[in-house]
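Protein chains in written order, with our numbering: chain A, 1 to 191; chain B, 192 to 460; chain C, 461 to 663; chain D, 664 to 1102; chain E, 1103 to 1426.
Take a look at the structure set out below.
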Amino acid sequence: MELVAIFVSAILINNFVLYYFLGICPFLGVSKKISSALSMGLAVTFVMTITAVVSWAINHWILIPHKLDYLQIVSFILVIASLVQLVEMFIRKMSPPLYQALGIYLPLITTNCSIMFLALLAALRNYSLAEAVAFGVGSGLGFTLAIILMAGIREQLDLADVPEPLKGAGIALIVAGIMALAFMGFIGMIK
Amino acid sequence: MDILWPVFTMGALSLLFSLGLVFAYKKLKVYEDPKIEQISEFLPQANCGACGYAGCRAFAEAVVKGEAATSGCPVGGEEVTQYIADALGVTAEKVIKKIAWLHCRGTHEAAKNRGSYLGISTCHASHLIGGNKQCSFGCLHFGDCVRACPFDALYMGEEGLPVVKEDKCTACGKCVDACPRNLFELHPASQEIIVFCQSQDRGASSRKMCKNACIACGICSRACPEAIVIENNLAKILDYKKIEPDKIPEIEKCPTNSIGRIHKDKNEG
Amino acid sequence: MSTRSIGQEFVKGLWDENPVFRQLLGLCPTLAVTGWVINGLAMGLATSFVLIFSSLVVSSIKKFIPSQVRIASYIVIIATFVTIADRCMAAFFPLISKNLGPYIPLIVVNCIILGRQEAFSSRNSVGRSFIDALGMSSGFVLALLILSSIREVLGVGTFLGLQVMGTWFKPWIIMILPPGAFLTLGILLGIALHIERKTKARK
Amino acid sequence: MKVKTFPHGVHPPEFKESTEEKAIHSMPPPDKVTIPLLQHFGSPAESLVQKGDEVYLSQKIGEGQTLFSASVHSSVSGKVLSVDMFSHPAGYPVPAVTIKNDGQDRISTEREEAKDPFSLSPEKIRQKVKEAGVVGLGGAAFPTAVKLSPPNDKPIDTIIINGCECEPLLTSDYRLMLEASDEILKGAELARIATGAERIIIGIEDNKKKAFEIFQEKIRDYPGEAVLLKTKYPEGAEKNLIYALLRREVPRGGLPFDVGIVVQNVGTAKAIWDAVHDGKPLYERVITVSGQSIKDPNNLLVRIGTSFESVIEFCGGLSEDANILVMGGPMMGIAQWSLDIPVIKGTSGILAWPAPPPRLEYSCIHCGRCIEHCPMVLVPTRLAKYVKYNNLTEAENWGILDCVECGCCQYICPSNIPLVHWIRLGKDKIISLKRKKNP
Amino acid sequence: MTDKIIILQSSPHFKDKDSVPKIMYAVIISLAPAIFTSLYFFRFKALVLLLSCVAACLTTEALFLFLRRKPLHSLLDGSAIITGLLLAMTLPPSLSPELAVIGAVVAMAIGKQVFGGLGNNIFNPALVGRAFLQTAFPVAMTTWIPSVMTKVDILTYATPLGNLKFENAVAQGTLTSLKDLFFGNTGGCLGETSALALILGGLFLLFRRVIDWRIPLGIFLSLTIFTGIFWLANPEKYTSPLFHILAGGFLIGAFFMATDMVTSPITPLGAWVYALGIGLIVGLIRFFGGFPEGVMYSILFMNTFVPLLNRYTRPRILGGRRKG
């Protein structure tokens, strides 16, 4: 039950994008088309899941036993950076069109704060391995949900008469604001 | 001892991941000719597609592969051609500076309307249902070409016809494609005389529809028979180079002003 | 190499290349910590500290870093300064540090910092990089200040904790919550772009 | 009685009362005819005559060059005045032959009659149809000979005779069904023989009960049946008609051939009979002249090439209030700006009425009515928006090329968006882009 | 002919009579019963709120149209009036008009005009305004007064759903009677108290074919099934589906908010998914969420899905897959 609660809460209630404001750059940058939003979301989910496992392992087997928790930031970022680079190379080799679509945003997963935040928060809340994984997958799916919804809305807004200065990031942020409002309805569902 | 642990930990971690990366780099490398990047950066990045490729990068790839000519970018002009040629180590082909001109003088005043047009305000849409002007060949005045121009080289003049700003025109050909009636044509910048009409209607009927239509009277072709002919009720310049400068005043006697010097208007006012 | 004068190098960060309003970088902390002016300010200063020092380090050792691992190296450098900042905050301003929570460590992945290293410090001299970092930092702090002032004044009726709105004012609690952050920044971006277009049109 | 129909579609007011009881009237040939060499779907015919030539009635004056082309015949006897560009009802100039009528109607000697047409080989029937320049008389003017030549790998089992006439105002097919039912059935039988089909189905809308009863009676002599269809627009659109009658779906981008069907309009069926039996080329057709601004609305048998002006003149002229003139039906017809336009093979009607003042256009409110009524089950509002915002790839993905431009969406749209116009624009852009890519 | 004004247009040349303003004014007419009941139960307070919301919506719309140099005729298409009315009807009667005006301005500006005006907005404007107010002024938005018909002399009062959630009304046996819910003699937002008036309006809209019948039906079905399962399992703890249908903003949401053409799916299948989703989330929030009422949030939440639904539930084109 605890695991389900962590999972659902990460998707709907404490959504990384709409509640914690994490991963805003890719959220705005890669949400112009549903297809690329979906791949971005899945890429993030994938990296998040691996990060949850690896950072848990580092934290529990290396840092905590040796009281090196002040090295969290440096070691986590190192793990994430390498992981992302691996994923990037992998996608580039396997699916060049996907690589073209994600463009410069793949390296930005490195600087996607949501992944770092995930590792830190899992460490802070002292999650067990299973909890960390549930949290990682949930957060990733929450990000995917938010970015796909956003992409759908933006594709429809491409056919709308949005005022010139608001086109692009402006209207996207306003939509995100209203989405955050709508997601607030789930508050209190899981304590 | 305290200091050793962190150093060791971080060192070990770094080593592990760098090894992984090195391995991946070797295994998953994708080769790309660095020239593509180099050329692509020098291109105008207008992504106008005038070269026939999907954007500047695609053109760069094609040039490197040898599929496109070094002078394939009409927008960049000689500078870009030279650069590409240098980058690829071949000699540059010669580009002639061209400018797009409108072949119609059916102004608001001259060309009559068919009726009140209720529809989408673009030339193409109007053309689909026959056009809002009586003349089936002339300009429709909705400015599809102006919207298509990526270089701000066109604007709608007060008389209802699009006007080309010569200094800004790069001969990318966007307006040629945009005009549903093919009224634009690219001419070498040196060409001074063009025919300002494309109406193939008989003189009598085209005259009724538009005051400035070519009525195929033949004055121009009599002045320069080897350069200008009348074909399909329309004057046609076969070879501009054969027009002798001293014959120009005679050509300009055209009763409907449908052939003449491009810059006449400009010089007058 | 940049061809701007030193003055321009500094000023560009304030408006022309303002990281938040023009380049849309570092939006995560911009949105997250601007509910209160004091938090926004602290975040801005901490980020500036990291940005300036890592720019100095990166620009001075740029020749020794092989290009394949440059990003990783920058991150390690940045992470080191972030850890320092985090520890200092915790030691000297425990309350603010608690408020900002994990957002301070997240400076490490702030795109502004990495972006500047990649785009500027790795290609320019130490002095220029310093000025650039200073300008960008000021731009960032400025953006945070604007956003947090709006949100705090409308959201609780205070500025830096001082009551500024009269008693007639009913605070809009939404402004200090997530939706308020998105809406305010969205509208501000629109206004910024509008001003930009107007000035451009005038030129 | 149970009536068949297809899903979606609209039901605009019919306004057929003014002409449905008026028998087909033969209009005397005018002094001068202008016969465009392009009257069909495809490429123009090549002119066979020159200025000054003497021509006979029904003499071939234009030869169809390609597969998708049809020959053109003189509709009067007399002297060729000119071979030149002339305004076509579609709005652009095409080559046309102008002939001065000598009033004699001297018939060309080339005409050959067939004594026993039903014993002719399919090949011979097709050849005679092609020779006579028969095209679909429903409006699209698809060369009939092509329609009667199904590819070998696509066996045809049914000939559908389209007697729906779902367009408001038009009654020419209805009158033809009442007055020439035998010829129509004989023509259908010939088409059946030519394609090797097993049966004939005649689909008639239930507002034409009288015609239905006649056909129900007479079709007993042929393999087939007459079927009553619901009065709905566009019941007569090929793909919808096939679905309504047989519940078969013509694949997207495909032809009725693909589901073993050939559809012919009633007028075309009669023209096939005339061509094969009498050797009579298609030089005249029945049209409806109607609308509020026509003083004496009527159904007329008119020579091809007669100008709209003389037709309207014959019907008592145009009243003062007329400000819209349409060739064809009000849902799919083409607005004309001049009376100096000739009747062509595809002209099913000439309509004129005072147009109401234009209504304000609002933005799309996503009411979904266009989707509810689109007979092709498309999403017209999206298609129009994709064209408007220049996203042709998406427009194509959403099936813009399947639109038949029937006009249901625009008829029903509460926001008055010119949906059909946008879609036509998009289709034209996409097709010309494609042509550019692979010429 | 040529000397007259000739109309050149693309086919079709016939046009149905229905138009956007007609549709909008039909919605306004359908709201009339609910407006009258709200005036009857809350008198002057209702009048002030209704007027201030409508006026603020119209002013905001006019301002935007003016600034964007758009034709002013769209001001009179009735959509701004509907937004104002719907917003007012979802406000508690005790709310002060200034706050209502803030909500109305937000509804029109952020809910509608920033997207480009009528037809382009993603979210229901009235609900955006309402959600903004709810989050900005949570206390003012949850302070209820009894209707003038209730002879209780207290300042604050719980809505039937609030009663259900926070007072444990099922166990206490203090549940509002279904009769009061039906006629509207309860506390609650201006327009949501009388089920009868809302059903009348809703039926008019269905009859006039302004709204898609699938949406109200789908919402009813999914809420009934969801609450029904819990009710059958444990009638001591949960209330009957009928109570849930009549109470709170459910009817106004199902008939007037969720069916807003602009923000609901355009395809039939999409409409079903959308409606079922709304009903389900309403149930989830009412049973497990932190708020007593979830209609507003569930509609806004499902609004975010509409573009995706439009895209992935588009109908199958006649003829199926494209040949070649």
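Cβ coordinates follow ideal geometry from the N, Cα and C atoms, glycine included.
- Taking 8 Å as the CB threshold, K558(C) stays off the interface with chain E.
- Listed by position along chain B, the residues whose Cβ is nearer than 7 Å to that of L78(A) are L204, S205 and F208.
- Contact with chain C is found for F21(A), since one of that chain's Cβ atoms lies less than 8 Å from the residue's Cβ.
- By the Cβ test, the region 286 to 304 of chain B is not in contact with the region 1077 to 1091 of chain D, since fewer than three Cβ pairs between them sit closer than 8 Å.
- Assigned with DSSP and collapsed to three states, A291(B) falls in strand.
- By the Cβ test, the region 20 to 40 of chain A is in contact with the region 136 to 148 of chain A, since at least three Cβ pairs between them sit closer than 8 Å.
- Residues of the region 611 to 644 of chain C that bring their beta carbon within less than 7 Å of a beta carbon in chain E comprise K630, W632, I633, I634, L637, P639 and L643, in sequence order.
- By the neighbour-count criterion, in which a residue is buried when 16 or more other Cβ atoms sit within 10 angstroms of its Cβ, L555(C) is exposed.
- With a beta-carbon spacing of about 21 Å, R1418(E) and A1377(E) fall beyond the 8 Å limit used to define contacts.
- Nearest neighbour of A759(D) by Cα position, chosen from E947(D), A708(D), I877(D) and S681(D), turns out to be A708(D).
- DSSP, reduced to helix, strand and coil, places C401(B) within a strand of the structure shown.
- According to the DSSP secondary-structure assignment, W936(D) is paired through a beta bridge with no residue.
- Contact annotation: I421(B) and A404(B) have beta-carbon atoms that are not nearer than 8 Å.
- With fewer than 16 other Cβ atoms from the protein chains shown falling within 10 Å of its own Cβ, I770(D) counts as exposed.
- In chain order, V1216 make up the part of chain E whose C-beta sits under 7 Å from the C-beta of L166(A).
- Unbroken beta strand (DSSP E) runs of no fewer than 3 residues, entirely contained in the region 1270 to 1340 of chain E, are not found.
- By the 16-neighbour rule on beta-carbons within 10 angstroms, A532(C) is buried.
- Neighbours of L157(A) across chain D, judged by C-beta separation under 9 Å, do not exist; the nearest C-beta is about 10 Å away.
- The Cβ atoms of S956(D) and D984(D) lie closer than 8 Å to each other.
- For D836(D), no beta strand (DSSP E) encloses it; the enclosing alpha helix (DSSP H) starts and ends at S835 to E842.
- Interface annotation, G329(B): not in contact with chain E, CB-CB separation never under 8 Å.
- Taking CB atoms only, S397(B) has no neighbour in chain E less than 8 Å away.
- Contiguous beta strand (DSSP E) elements confined to the region 848 to 887 of chain D occur at 862 to 868, taking only those with 3 or more residues.
- A straight-line Cα-Cα distance of about 15 Å links I410(B) and F387(B).
- For I1327(E) and W1333(E), the gap between their C-alpha atoms comes out near 10 Å.
- In the structure shown, the three-state DSSP call for I564(C) is coil.
- Listed by position along chain A, the residues whose Cβ is nearer than 8 Å to that of Y1049(D) are L159.
- Interface annotation, N1336(E): not in contact with chain A, CB-CB separation never under 8 Å.
- Of I634(C), M503(C), I537(C) and P479(C), the smallest CA-CA separation from F553(C) is found for M503(C).
- In the DSSP assignment, G1264(E) falls within the unbroken alpha helix (DSSP H) covering P1262 to F1268.
- Just measuring C-alpha positions, the residue of M990(D), K1008(D), I865(D) and L711(D) sitting nearest I823(D) is I865(D).
- Annotation: the continuous alpha helix (DSSP H) that includes M1404(E) extends over V1397 to Y1414.
- When the Cα atoms are used, G334(B) and A1373(E) turn out to be separated by approximately 41 Å.
- DSSP lists I290(B) as the beta-bridge partner residues of H378(B).
- As DSSP reads the structure, G826(D) sits in a beta bridge with I867(D).
- Under the 8 Å Cβ criterion, the region 391 to 402 of chain B does not count as touching the region 358 to 372 of chain B, having fewer than three qualifying pairs.
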